[in-house]
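Step one of this worksheet: look at the structure below.
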DNA sequence: ATGCGTTTCAAACATTCGTTTGAAACGTGA
DNA sequence: TCACGTTTCAAACGAATGTTTGAAACGCAT
């Protein structure tokens with residue numbers, strides 16, 4: 002609060018430092034989580050001083066919040082929730098689009114892969130940033146899947162059945178993110194190239210469609 | 002290595018201290034994970050000295066390994082993998098038994114709930130203890146589900162299809178463990194009493210059976 | 001070139017961590 | 001009661017952490 006100015010409006014070399022900090026912090030937070038990530042590690046990779054984070058963002062927590070929001074939005078922009086399928090397409094196709102985009106967000110390599118790992122870490126050590134993320138991003142994502150599932154289930158199926166179907170669909174996707182350490186140890190030779198990924202999308206879509214229809218059949 | 006004796010054979014008050022350390026360490030490791038759990042916290046709850054962990058177990062990591070193995074076995078003993086269903090029962094019933102036991106292990110309250118949280122933490126920060134756990138416990142658990150799924154899929158379905166079906170079944174269960182922070186934020190009023198739990202087992206079983214059969218129909 | 005707000009920097013601060021240490025307390029067989 | 005191995009304890013150690021600090025370097029309008 003003492004000699005801190007308004008770095009947000011600065012656009013000289015300061016902005017470059019800010020960008021480097023955000024980029025490297027993304028890596029470090031994804032690798033170690035919020036708590037175990039160290040400012041020194043971030044600043045070293047960004048070739049900045051240890052005080053840079055506090056100067057530009059006010060602290061570790063504020064930096065983390067910005068990193069999390071930024072990367073989630075970037076991933077959602079690269080792989081939109083609808084998977085490129087028109088809203089007026091039949092629900093089976095919309096389901097496939099949703100699953101396809103979600104799988105891509107999970108399996109993408111490179112910098113965009115960080116958001117999934119950060120989100121996975123939020124599941125075991127939630128930070129205040131998760132509340133914001135759920136409210137601003139995840140809730141609308143869930144709502145878009147809910148519309149698809151409701152269209153598939155029909156109007157007579159209750160909210161509870163809808164919710165557990167949502168869970169059954171999403172779970173099959175995020176499983177490959179959240180349980181990777183067990184999967185890779187159980188099946189060390191198992192890998193997913195881009196063809197396998199399409200096959201995986203097919204599988205999850207088929208599996209889910211059958212499951213949803215069976216639920217609809219059993220419910221009313 | 003200096004003045005450490007052989008505490009394992011001691012059965013005086015020393016054994017009580019050891020048990021308290023194991024019990025309290027279970028709580029603390031489940032709450033904070035291996036890295037963020039502190040020996041001081043554990044020893045304070047166990048009403049023991051900070052040096053007790055090093056004396057009785059040799060270090061934090063050894064204590065953690067013992068806690069993890071112990072609790073996983075305890076949960077698996079309380080809720081056996083087959084769910085109390087005979088091995089010669091039809092595969093649909095065996096699937097339901099497997100799912101039912103798994104759901105109970107995930108949703109159980111009290112001390113036995115710790116092993117699920119610890120395992121969830123291993124998914125984002127694997128420790129050497131995970132390798133042991135996969136080799137000794139999880140692999141056989143996966144094998145027992147694989148037998149069920151193979152019986153349901155039939156002999157003509159390939160290994161890849163079997164594996165993704167395994168994933169689809171297990172994922173729906175562990176989802177409620179791994180994504181609880183998001184679920185509770187999306188649906189704050191959602192809770193699972195014991196009736197809901199049975200309904201959830203029904204749902205996952207129905208959903209999975211339909212999914213597996215659809216996969217079998219599509220595969221050969 | 002000068003002055004001033006902005007940005008960087010090395011150093012230090014206050015905590016917290018796992019572990020070690022050496023002595024004190026304890027328990028038990030002789 | 002005594003002696004000795006076992007267990008507990010308070011204290012301290014060394015390393016690592018987020019943050020603060022005050023000065024130095026920088027950049028640009030005047």
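Residue numbers (the working numbering), protein chains in the order written: chain Z, 2 to 221; chain R, 2 to 221. Think of the CB as a built atom: it goes at the ideal place given N, C-alpha and C, for glycine as much as any other residue. On a predicted model such as this, the values are computed, not experimentally measured, just so you know.
Test: residue i CB closer than 9 angstroms to a CB of chain Z
{"i": "residue 140 of chain R", "result": "yes"}
{"i": "residue 92 of chain R", "result": "no"}
{"i": "residue 132 of chain R", "result": "yes"}
{"i": "residue 41 of chain R", "result": "no"}
{"i": "residue 73 of chain R", "result": "no"}
{"i": "residue 215 of chain R", "result": "yes"}
{"i": "residue 129 of chain R", "result": "no"}
{"i": "residue 149 of chain R", "result": "no"}
{"i": "residue 2 of chain R", "result": "Confidence in residue 2 of chain R is poor, its pLDDT being 32 and thus under 50, which makes the residue's placement unreliable; the coordinate value appears in the next sentence. Judged by the 9 angstroms Cβ criterion, residue 2 of chain R is not in contact with chain Z."}
{"i": "residue 219 of chain R", "result": "yes"}
{"i": "residue 37 of chain R", "result": "yes"}
{"i": "residue 11 of chain R", "result": "The predicted position of residue 11 of chain R is uncertain, since its pLDDT is 37 and thus under 50; a value taken from the coordinates is nonetheless stated next. Answer no: the Cβ-Cβ gap between residue 11 of chain R and chain Z never drops below 9 angstroms."}
Residue i versus residue j - alpha carbon distance
{"i": "residue 145 of chain R", "j": "residue 82 of chain R", "result": "8 angstroms"}
{"i": "residue 52 of chain Z", "j": "residue 169 of chain Z", "result": "45 angstroms"}
{"i": "residue 22 of chain Z", "j": "residue 43 of chain Z", "result": "7 angstroms"}
{"i": "residue 131 of chain Z", "j": "residue 200 of chain R", "result": "29 angstroms"}
{"i": "residue 98 of chain R", "j": "residue 105 of chain R", "result": "11 angstroms"}
{"i": "residue 33 of chain Z", "j": "residue 127 of chain R", "result": "11 angstroms"}
{"i": "residue 80 of chain Z", "j": "residue 90 of chain Z", "result": "18 angstroms"}
{"i": "residue 159 of chain R", "j": "residue 165 of chain R", "result": "10 angstroms"}
{"i": "residue 177 of chain R", "j": "residue 59 of chain R", "result": "35 angstroms"}
{"i": "residue 24 of chain R", "j": "residue 15 of chain R", "result": "14 angstroms"}
{"i": "residue 114 of chain Z", "j": "residue 85 of chain Z", "result": "20 angstroms"}
{"i": "residue 215 of chain Z", "j": "residue 184 of chain R", "result": "23 angstroms"}
{"i": "residue 219 of chain Z", "j": "residue 195 of chain R", "result": "21 angstroms"}
{"i": "residue 72 of chain R", "j": "residue 96 of chain R", "result": "24 angstroms"}
{"i": "residue 102 of chain R", "j": "residue 189 of chain Z", "result": "27 angstroms"}
{"i": "residue 202 of chain Z", "j": "residue 141 of chain Z", "result": "22 angstroms"}
{"i": "residue 55 of chain R", "j": "residue 88 of chain R", "result": "44 angstroms"}
{"i": "residue 109 of chain Z", "j": "residue 121 of chain Z", "result": "15 angstroms"}
{"i": "residue 77 of chain R", "j": "residue 148 of chain R", "result": "18 angstroms"}
{"i": "residue 20 of chain Z", "j": "residue 137 of chain Z", "result": "23 angstroms"}
{"i": "residue 204 of chain R", "j": "residue 57 of chain Z", "result": "50 angstroms"}
{"i": "residue 193 of chain R", "j": "residue 198 of chain Z", "result": "34 angstroms"}
{"i": "residue 153 of chain Z", "j": "residue 154 of chain R", "result": "25 angstroms"}
{"i": "residue 217 of chain R", "j": "residue 61 of chain Z", "result": "50 angstroms"}
Three-state class that DSSP yields for residue i in the structure shown
{"i": "residue 166 of chain R", "result": "helix"}
{"i": "residue 28 of chain R", "result": "helix"}
{"i": "residue 136 of chain R", "result": "helix"}
{"i": "residue 115 of chain Z", "result": "helix"}
{"i": "residue 128 of chain Z", "result": "coil"}
{"i": "residue 92 of chain R", "result": "helix"}
{"i": "residue 16 of chain R", "result": "helix"}
{"i": "residue 188 of chain R", "result": "coil"}
{"i": "residue 157 of chain Z", "result": "coil"}
{"i": "residue 141 of chain Z", "result": "helix"}
{"i": "residue 106 of chain Z", "result": "helix"}
{"i": "residue 182 of chain R", "result": "helix"}
{"i": "residue 48 of chain R", "result": "coil"}
{"i": "residue 172 of chain R", "result": "helix"}
{"i": "residue 209 of chain R", "result": "helix"}
Min CB distance residue i to chain R below 9 angstroms
{"i": "residue 207 of chain Z", "result": "yes"}
{"i": "residue 171 of chain Z", "result": "yes"}
{"i": "residue 184 of chain Z", "result": "yes"}
{"i": "residue 123 of chain Z", "result": "yes"}
{"i": "residue 106 of chain Z", "result": "no"}
Proximity of residue i and residue j at Cβ, strictly below 9 angstroms
{"i": "residue 93 of chain Z", "j": "residue 167 of chain Z", "result": "no"}
{"i": "residue 150 of chain Z", "j": "residue 213 of chain Z", "result": "yes"}
{"i": "residue 37 of chain Z", "j": "residue 37 of chain R", "result": "yes"}
{"i": "residue 139 of chain R", "j": "residue 191 of chain Z", "result": "no"}
{"i": "residue 182 of chain R", "j": "residue 119 of chain Z", "result": "no"}
{"i": "residue 172 of chain R", "j": "residue 162 of chain Z", "result": "no"}
{"i": "residue 66 of chain Z", "j": "residue 156 of chain Z", "result": "no"}
{"i": "residue 116 of chain Z", "j": "residue 75 of chain Z", "result": "yes"}
Assumed close pair residue i, residue j - CB separation to whole angstroms, cut-off 8 angstroms
{"i": "residue 206 of chain R", "j": "residue 100 of chain R", "result": "5 angstroms"}
{"i": "residue 31 of chain R", "j": "residue 64 of chain R", "result": "That pair is no contact at about 13 angstroms."}
{"i": "residue 135 of chain R", "j": "residue 180 of chain Z", "result": "Actually they are not in contact, since the Cβ atoms of residue 135 of chain R and residue 180 of chain Z sit about 11 angstroms apart, beyond 8 angstroms."}
{"i": "residue 70 of chain Z", "j": "residue 133 of chain Z", "result": "7 angstroms"}
{"i": "residue 29 of chain Z", "j": "residue 46 of chain Z", "result": "7 angstroms"}
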